[in-house]
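S.K.: One structure follows; several queries about it will come next.
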Amino acid sequence: MTDVLWTPPADVLQRSRIGAYLRWLAEHRGLEFADYDALWQWSVTDLETFWRSIWDHFEVVAHTPPTATLTERGMPGARWFPGATLNYAENVLRMPGKGDDDPVVVAHTQTRAPVVLTAAQLREQVRRVAAGLRRLGVGTGDRVAAYAPNIPETYVLLLATASLGAIFSSCAPEFGTRSVTDRWQQIEPKVLVAVDGYRYGDKPVDRRGEVAAIRAALPSLRHTVSISYLDQVVPESAISWADLAAETDEPLGFTPVPFDHPLYVLYSSGTTGLPKPIVHGHGGILLEHLKMLALHHDLGPADRFFWFTTTGWMMWNFLVSGPAVGAAIVLFDGNPGHPDLGALWRLAAETGTTYFGTSAPFLLACRKAGLVPREIADLSALRGVGSTGAPLPAEGFTWVYDTVGTDLQLQSLSGGTDVCTGFVGGVPLLPVHAGEITCRALGAKVEARSPDGTPVIGQLGELVITEPMPSMPVGFWNDPDGVRYREAYFDVYPGVWRHGDWITINERGGCVITGRSDATLNRGGVRLGTAEFYSVVEGLDEVVDSVVVHLEDDEGGAGELLLFVVLAEGLTLDDELRKKICRELRTALSPRHVPDEIHQVRAVPRTLSAKKLEVPVKKILTGTPVDQAAAKGALANPESLTAFATLAQHRAP
Ligand SMILES: CC(=O)CC(=O)O
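The opening position of the sequence shown corresponds to residue 4 in this note's numbering, with each subsequent residue numbered one higher.
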């Protein structure tokens, strides 16, 4: 039995946006629901009425109305809102509830002074930049690429690009040349907008060399625009951001595009081969983000919404839809640990942040450092804390309520780049239980499937989605027959989206995700998720980071469980610590969780969006050469793979 850490207030239906939506459903559709579960069941059964209600309730601006809500219900291939034309940027820039002078973008960085844009200023910037892009010849379907951080210029560029029906794609400027060109050579951008560098903590990082190399590797480029962010000189062959955004009398216009017209291309964190270019559409992203931000995260005009993310992670795309529901967004670029782990909490206080989103590893790092955020920052405005990127264990939940605030809703969220949202998360109507994701999101028919494909409750299963969602990709780039797209999600259960995570859904609809299903630890037929493993091992003061893999035994035996640990500064793994780790795992989890070997490594290999590379580590340990096991450009620390290759050599028979 998990502990209840937060309970919805008695007047939740009066105060929350989901309460307003329920009243609207009763008034306009004659629908009433006994509880969240009944609402969810309806939302995943009567997909047409549900998604149409989202469209109508949020008053989506369309240029031509849809002739239907959903035709072709099968997956892949569902067709949403045929006949409709609309524009994502137009809908975001409505900023409901915001007056012209209200701040909507509050941007802090370690590179320059804070920037605040009001609603009127944001529209004006988008108007100018859209005109600038048009002058450069950008039109519907052209690709505009941003090698730029989480700053207002990147956001303005996204909206300006979308307003023209052109397609946006961003890489954070800490991405190396190879990772960027692996992504953009696939989509062949016409215009590149890049920063000259940035400051990380107090360290200036000059990126002019990388920008030059990226330009040289992209023959499709017609123009490069340079943002003097670190204040370096704009290269002669580039246009300055100021010129792109120069005064013009062209009005702000929005090209009406079909519902599934490409809005942006995101990339899966791909560990092998080229990163998958996932194309998201205007209508699908708009509807999904309206639903999630307003009904689940309860964001509206009174909010300041922050998520710690770079432009290389889909949480950036999620964050910047905030103004579509009237919320102001708080952007941050820099080192979250500079000068110490309190930096983001102080930023929240300074900016009046009401919703603080981050990653589970960040919350756990703060916990490990003994931080008490409410003692170092005035967090009285905070109503919500969001966590994603990895499962948040129970101790992470209790830490938030013990040290951040008791009167806030903690929402652990999981989904991914593939849907640019969370399909399981929180909702204001339901209590928060320690270690548990509160619910399946409206419109997301998430199930856990046993190995024989039956839906299970209270048991670990494969996370699948059995009904289409509008924010599923409109396809992969350069995949005209949809072969790569089908292979990525639909090859195991035809017609059903297999996400690749392990999930347990309990009787009351709460969810626990226990890691990637392709990285499962399977000991003697018992499947163990990796998440619970990490929470025990990394709970020890001596252990800073860890990765665990299971090497199967071809003869059907228990196989080998190998644990790799990164230890605190100055520590060396000895028998005593090995015994301590084993003891903790045996007591906290089970004897099956006790590793056969424990090794000390300098670093755990991680993708650019900070996910542990369990599968590539396993491949290397079973003899796959490093270059075939992982696309080095997709890694934050490719040098960390060497230790595993060396061990593989020593272990080879
Ligand atoms: C919403 C998410 O699923 C974010 C992530 O883990 O990448």
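Ideal placement from N, C-alpha and C gives every residue a C-beta, glycine not left out.
Select from 113, 379, 139 the residue whose C-alpha is nearest the C-alpha of residue 152.
M.R.: On the sequence shown, position 149 is the one that residue 152 refers to. The shortest Cα separation from residue 152 among 113, 379, 139 belongs to 113.
S.K.: Is residue 412 buried or exposed, if buried means 16 or more other CB atoms sit within 10 Å of its CB?
M.R.: Against the sequence shown, residue 412 aligns to sequence position 409. That one is buried.
S.K.: What's the call for residue 62, buried or exposed, on a 16-neighbour Cβ count within 10 Å?
M.R.: Mapped onto the sequence shown, residue 62 falls at position 59. Looking at its Cβ environment, which holds fewer than 16 other Cβ atoms inside 10 Å, residue 62 is exposed.
S.K.: Taking just the CA atoms, how far does residue 519 sit from residue 453?
M.R.: For the purposes of this step, residue 453 is taken as residue 450 along the sequence shown, with counting starting at 1. For the purposes of this step, residue 519 is taken as residue 516 along the sequence shown, with counting starting at 1. The alpha-carbon atoms of residue 453 and residue 519 are separated by roughly 15 angstroms.
S.K.: What does the Cβ neighbour count give for residue 94, buried or exposed, with the cut at 16 atoms within 10 Å?
M.R.: Counting from one through the sequence shown, the residue named residue 94 turns up at place 91. So residue 94 counts as buried.
S.K.: Look up residue 384 in the DSSP assignment and say whether it is helix, strand or coil.
M.R.: Looking up residue 384 in the sequence shown gives position 381. Coil at residue 384, not helix or strand.
S.K.: Measuring alpha carbon to alpha carbon, tell me which of 158, 101, 92, 125 ends up nearest residue 330.
M.R.: Within the sequence shown, residue 330 is the residue found at index 327, counting from 1. Looking at the Cα atoms, 101 is the closest of the given residues.
S.K.: Is residue 4 helix, strand or coil by DSSP?
M.R.: The residue you call residue 4 lines up with position 1 of the sequence shown. Confidence in residue 4 is poor, its pLDDT being 47 and thus under 50, which makes the residue's placement unreliable; the coordinate value appears in the next sentence. Coil, per DSSP.
S.K.: Could you have a look at residue 91 and say whether DSSP puts it in helix, strand or coil?
M.R.: Numbered from its first residue, the sequence shown carries residue 91 at position 88. Here residue 91 sits in helix by DSSP.
S.K.: The alpha helix (DSSP H) with residue 492 in it runs from where to where?
M.R.: The residue you call residue 492 lines up with position 489 of the sequence shown. Counting along the chain, the alpha helix (DSSP H) containing residue 492 begins and ends at 486–492.
S.K.: Where residue 107 and residue 177 are concerned, what is the direct C-alpha to C-alpha distance, given to the nearest angstrom?
M.R.: Residue 107 sits at position 104 when you count from the first residue of the sequence shown. Residue 177 sits at position 174 when you count from the first residue of the sequence shown. Their Cα atoms are separated by approximately 26 angstroms.
S.K.: Given this structure, state the Cα-to-Cα distance separating residue 69 from residue 56, to the nearest angstrom.
M.R.: For this step, residue 69 is matched to residue 66 along the sequence shown. For this step, residue 56 is matched to residue 53 along the sequence shown. If you take the alpha carbons of residue 69 and residue 56, they lie about 13 angstroms apart.
S.K.: To the nearest whole angstrom, what separates the beta carbons of residue 232 and residue 201, a pair I think is in contact under 8 angstroms?
M.R.: On the sequence shown, position 229 is the one that residue 232 refers to. On the sequence shown, position 198 is the one that residue 201 refers to. That belief holds up - the Cβ atoms of residue 232 and residue 201 are roughly 6 angstroms apart, short of 8 angstroms.
S.K.: Would you kindly work out how many angstroms separate the C-alpha atoms of residue 660 and residue 263, rounded to a whole number?
M.R.: Nothing can be reported for residue 660, as the shown portion of the chain is limited to 4 through 656.
S.K.: Given a cut-off of 7 angstroms, decide if residue 315 and residue 174 are closer than it, judged by their beta-carbon atoms.
M.R.: Locating residue 174 in the sequence shown gives position 171, counting from the first residue. Locating residue 315 in the sequence shown gives position 312, counting from the first residue. Yes, the Cβ-Cβ distance between residue 174 and residue 315 is below 7 angstroms.
S.K.: Rounded to whole angstroms, what's the CA-CA distance from residue 418 to residue 359? Just pull it up for me.
M.R.: Here residue 418 corresponds to residue number 415 of the sequence shown, with the count starting at 1. Here residue 359 corresponds to residue number 356 of the sequence shown, with the count starting at 1. Distance between the alpha carbons of residue 418 and residue 359 is about 18 angstroms.
S.K.: Could you tell me the alpha carbon to alpha carbon distance between residue 210 and residue 198, rounded to whole angstroms?
M.R.: Stepping through the sequence shown from its first residue, residue 210 is reached at position 207. Stepping through the sequence shown from its first residue, residue 198 is reached at position 195. If you take the alpha carbons of residue 210 and residue 198, they lie about 7 angstroms apart.
S.K.: Residue 391: beta carbon under 6 angstroms from a heavy atom of ligand 1?
M.R.: Position 388 of the sequence shown holds residue 391. For ligand 1, at least one heavy atom lies less than 6 angstroms from the Cβ of residue 391.
S.K.: Between residue 4 and the rest of its own chain, which residues show a CB-CB distance below 8 angstroms, the 5 nearest in sequence each way excluded?
M.R.: As a working mapping, residue 4 is identified with position 1 in the sequence shown. Residue placement at residue 4 is poorly supported in this model, since its pLDDT is 47, which falls under 50; the coordinates still yield a value, given next. Excluding positions up to five away in sequence, the list is empty.
S.K.: Whose C-alpha, out of 509, 308, 139, is nearest the C-alpha of residue 224?
M.R.: Indexing the sequence shown from 1 puts residue 224 at position 221. Nearest option by C-alpha distance: 139.
S.K.: Does the distance between the C-beta of residue 417 and the nearest non-hydrogen atom of ligand 1 fall short of 6 angstroms?
M.R.: Residue numbering aside, residue 417 sits at position 414 when the sequence shown is read from its first letter. Yes, since a heavy atom of ligand 1 falls inside the 6 angstroms radius drawn around the Cβ of residue 417.
S.K.: Which same chain residues, not among the five before or five after residue 203, have their C-beta less than 8 angstroms away from its C-beta?
M.R.: Counting from 1 along the sequence shown, the entry for residue 203 is found at position 200. The answer, listed in chain order, is 113, 177, 337, 338, 341.
S.K.: To the nearest whole angstrom, what separates the beta carbons of residue 251 and residue 309, a pair I think is in contact under 8 angstroms?
M.R.: Working through the sequence shown from its first residue, we reach residue 251 at position 248. Working through the sequence shown from its first residue, we reach residue 309 at position 306. At roughly 32 angstroms, the Cβ-Cβ gap does not stay under 8 angstroms, so residue 251 and residue 309 are not in contact.
S.K.: In three-state DSSP terms, what is residue 526?
M.R.: Looking up residue 526 in the sequence shown gives position 523. Residue 526 falls in the strand class under three-state DSSP.
S.K.: By Cβ distance, which residues of its chain are closer than 8 angstroms to residue 298, with the 5 residues on each side in sequence left out?
M.R.: Taking the sequence shown and counting its residues from 1, the one referred to as residue 298 is at position 295. Closer than 8 angstroms at Cβ, skipping near neighbours: 20, 21, 24, 430, 445.
S.K.: For residue 642, is the classification buried or exposed, using 16 other Cβ atoms within 10 angstroms of its Cβ as the cut-off for buried?
M.R.: Taking the sequence shown and counting its residues from 1, one reaches residue 642 at position 639. Label assigned to residue 642: exposed.
S.K.: Measuring only the C-alpha atoms, how far is residue 668 from residue 332?
M.R.: In the structure as shown, the chain begins at 4 and stops at 656. Residue 668 is therefore absent and cannot be evaluated.
S.K.: Can you tell me which of the three DSSP states residue 358 falls into?
M.R.: In the sequence shown, the residue the question calls residue 358 occupies position 355. Correct three-state label for residue 358: strand.
S.K.: CA-CA distance, residue 287 and residue 580?
M.R.: Within the sequence shown, the letter at position 284 stands for residue 287. Within the sequence shown, the letter at position 577 stands for residue 580. For residue 287 and residue 580, the distance between alpha carbons rounds to 50 angstroms.
S.K.: Ligand 1 and residue 345: does any heavy atom of the ligand fall closer than 6 angstroms to the residue's C-beta?
M.R.: Working through the sequence shown from its first residue, we reach residue 345 at position 342. Outside the cutoff, so no.
S.K.: Taking the straight line between their C-alpha atoms, what separation do you get for residue 213 and residue 219?
M.R.: For the purposes of this step, residue 213 is identified with residue 210 of the sequence shown, where counting begins at 1. For the purposes of this step, residue 219 is identified with residue 216 of the sequence shown, where counting begins at 1. Distance between the alpha carbons of residue 213 and residue 219 is about 10 angstroms.
S.K.: Quick test of the definition: if touching needs 3 or more C-beta pairs under 8 angstroms, does the region 458–465 touch the region 500–514?
M.R.: The region 458–465 vs the region 500–514: in contact.
S.K.: Taking DSSP's pairing of strands, which residues face residue 431 in a bridge?
M.R.: Counting from 1 along the sequence shown, the entry for residue 431 is found at position 428. Paired residues: none, contrary to the question.
S.K.: To which residues does DSSP link residue 550 through a beta bridge?
M.R.: Residue mapping note: residue 550 aligns to position 547 of the sequence shown, counting from 1. Paired residue(s): 567.
S.K.: Among residues of its own chain, excluding the 5 on either side of residue 540, which ones have a beta-carbon nearer than 8 angstroms to its beta-carbon?
M.R.: Stepping through the sequence shown from its first residue, residue 540 is reached at position 537. Within the same chain, residue 540 has close Cβ partners 546, 549, 551, 566, 568, 584, 587, 588.
S.K.: Can you tell me whether residue 481 is buried or exposed? The criterion is at least 16 other CB atoms within 10 Å of its CB, across all chains shown.
M.R.: As a first step, residue 481 must be located in the sequence shown, where it is residue number 478. Counting Cβ neighbours within 10 Å, residue 481 comes out exposed, since fewer than 16 surround it.
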